[in-house]
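Position one of the sequence shown corresponds to residue 17 (the numbering used here), numbered consecutively onward.
Glycine included, C-beta positions come from ideal geometry on N, C-alpha and C.
Remarks on the structure that follows.
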Amino acid sequence: MLKNWSNWIVLFFIQFFGWKFLFKNEHFVMFWYKNVTLTYNHIVYYFSSKFNIPFGEILYVLFGVFLIYIIINLFNKKSYLKKNSLLFKVLFYLQLVYNSLWGIVNYKNNFTFNYTNLKIEVKDLKVLYYNSLDKIKILRYELGADDKKAIDFIYNNDIYLKDIERNLKNLQNESWVNHFNIPKNLIVKESFFSSILNQFGVLGYYNPFTVESNVNKYNSDLKTPFTTSHEIAHQIGFATENEANFIAYYLGVNSEIKEVQYAANFKTTFSLLNAIYSQDSIFVKNEIENLPLGIKTDRDAEIKYYKQYEGKLNDLFSRLNNQFLKVNNQEGVVSYSKYITLVYLYNLEQNKKANQH
């Protein structure tokens with residue numbers, strides 16, 4: 017039995033680099049995901065989905081209290097080594113559980129778009145941008161929104177989830193997507209910590225320990241549909257932020273609900289402008305200045321709403337989250353490249369299908 021805390025530090029790093037090595041083996045990743053991660057998810061979700069309260073947040077609070085207790089007791093010289101050993105044991109097993117349930121999901125190969133040596137030119141992004149802009153112009157008109165007022169959705173979570181479930185079944189039939197799991201009775205929970213999430217600029221998050229998709233209940237109307245789909249995308253096996261965004265885009269543009277379509281296309285329109293900016297900033301500035309009044313109203317309302325929560329906590333969390341994502345085989349919060357690439361490839365597929373008919 018390991019009693020020396022230094023031994024636990026060594027084991028921690030052996031495990032850390034061991035996982036990094038195993039993550040490179042695609043066969044191991046899929047074997048572990050299907051036999052360990054999914055088995056755990058099925059069992060835990062069976063219980064957690066029966067309640068609307070986010071149990072994971074209760075566990076986080078209890079775990080936080082436990083960690084504080086250990087840290088405080090570290091200053092007790094009589095129990096220093098014992099408590100120190102306990103702390104590193106906790107970190108060792110936490111890493112084991114995290115990588116088994118979520119870390120490994122970051123390394124799944126989820127898409128098989130068959131385009132080799134594809135180079136996306138800025139002119140291609142502009143075409144996609146104009147198509148997306150045209151869609152939100154039409155959708156905003158069809159929704160009957162006042163151009164001088166921010167768009168207002170009639171939010172119904174049950175209807176959203178039924179629509180998502182229908183589109184997930186369609187997604188399973190797409191030739192370019194690999195294995196993912198659709199749970200029975202989709203559920204998204206409002207976070208107890210929504211006020212705190214606002215201060216950190218967090219719209220929602222997925223808890224892999226309790227298999228729960230949690231959203232910030234104070235999200236704007238425009239953010240709510242996309243965030244809901246994004247967190248469910250994490251839950252069904254798309255771990256990276258860009259891939260979850262793409263699944264949310266797919267669910268949005270194929271939705272039967274116009275407000276959900278509008279939210280997905282609205283986000284993508286401005287994500288495309290963001291991607292174009294580095295190569296043609298004048299074009300982007302011109303487009304923003306000449307946006308249709310209604311769309312400009314919605315954009316200004318979004319900026320104003322979330323600006324009130326900007327601050328040091330928001331900036332700190334963004335930097336920490338950026339590093340966390342990179343450690344977990346992701347591009348970071350400031351990168352849209354893979355999301356835009358997936359959106360572009362999907363639209364190529366759709367155009368190819370249309371030309372075949």
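- Glycine 220 has Val231 as its beta-bridge partners, per DSSP.
- At the C-beta level, leucine 177 and isoleucine 198 stay beyond 9 Å of one another.
- Taking every protein chain shown into account, the CB of alanine 280 has 16 or more other CB atoms within 10 angstroms, so this residue is buried.
- Taking 9 Å as the cut-off, the Cβ atoms of isoleucine 263 and aspartate 179 do not count as close.
- Nearest neighbour of leucine 144 by Cα position, chosen from Ser294, Gln366, Phe71, turns out to be Gln366.
- The beta carbon of asparagine 57 is closer than 6 Å to those of Val227 in its chain, skipping five residues each way along the sequence.
- Per DSSP, reduced to three states, the secondary structure at phenylalanine 63 is helical.
- The segment 159-178 and the segment 288-301 do not touch, with fewer than three beta-carbon pairs separated by less than 8 Å.
- Per DSSP, the beta bridge partners of phenylalanine 127 are Val193.
- In this structure serine 210 touches lysine 233 by the C-beta definition: roughly 5 Å separates them, less than 8 Å.
- For lysine 205, the uninterrupted beta strand (DSSP E) segment begins and ends at 204-206.
- Between phenylalanine 208 and glycine 253, the gap from beta carbon to beta carbon reaches 9 Å or more.
- The beta carbon of valine 276 sits closer than 6 Å to those of Pro241, Gly268, all from its chain and outside the five residues before and after it, given in chain order.
- If you draw a 10 Å sphere on the C-beta of serine 148, you find 16 or more other C-beta atoms in it, and that means buried.
- For the 9 Å CB-CB criterion, lysine 124 and valine 45 form a contact.
- In this chain, tryptophan 118 is not harboured by any alpha helix (DSSP H), its DSSP state being neither H nor E.
- When DSSP states are grouped into helix, strand and coil, threonine 240 belongs to the helix group.
- Tyrosine 114 and lysine 105 have their C-alpha atoms roughly 14 Å apart.
- Annotation note: the segment 135-203 contains the following uninterrupted alpha helix (DSSP H) runs of length 4 or greater, listed N- to C-terminal: 138-158, 173-188.
- Counting of Cβ neighbours within 10 angstroms places glutamate 259 among the buried residues, the total reaching 16 or more.
- The Cβ neighbour count for glycine 220, taken over all protein chains shown within 10 Å, is at least 16; the residue is labelled buried.
- Glycine 119 sits close to tryptophan 35, with the two beta carbons spaced by under 9 Å.
- With a threshold of 16 other beta carbon atoms within 10 Å, aspartate 314 meets it and is buried.
- Residue environment for leucine 117: buried (at least 16 other C-beta atoms within 10 angstroms of its C-beta).
- Glycine 72 sits in a helix when the DSSP states are folded into three classes.
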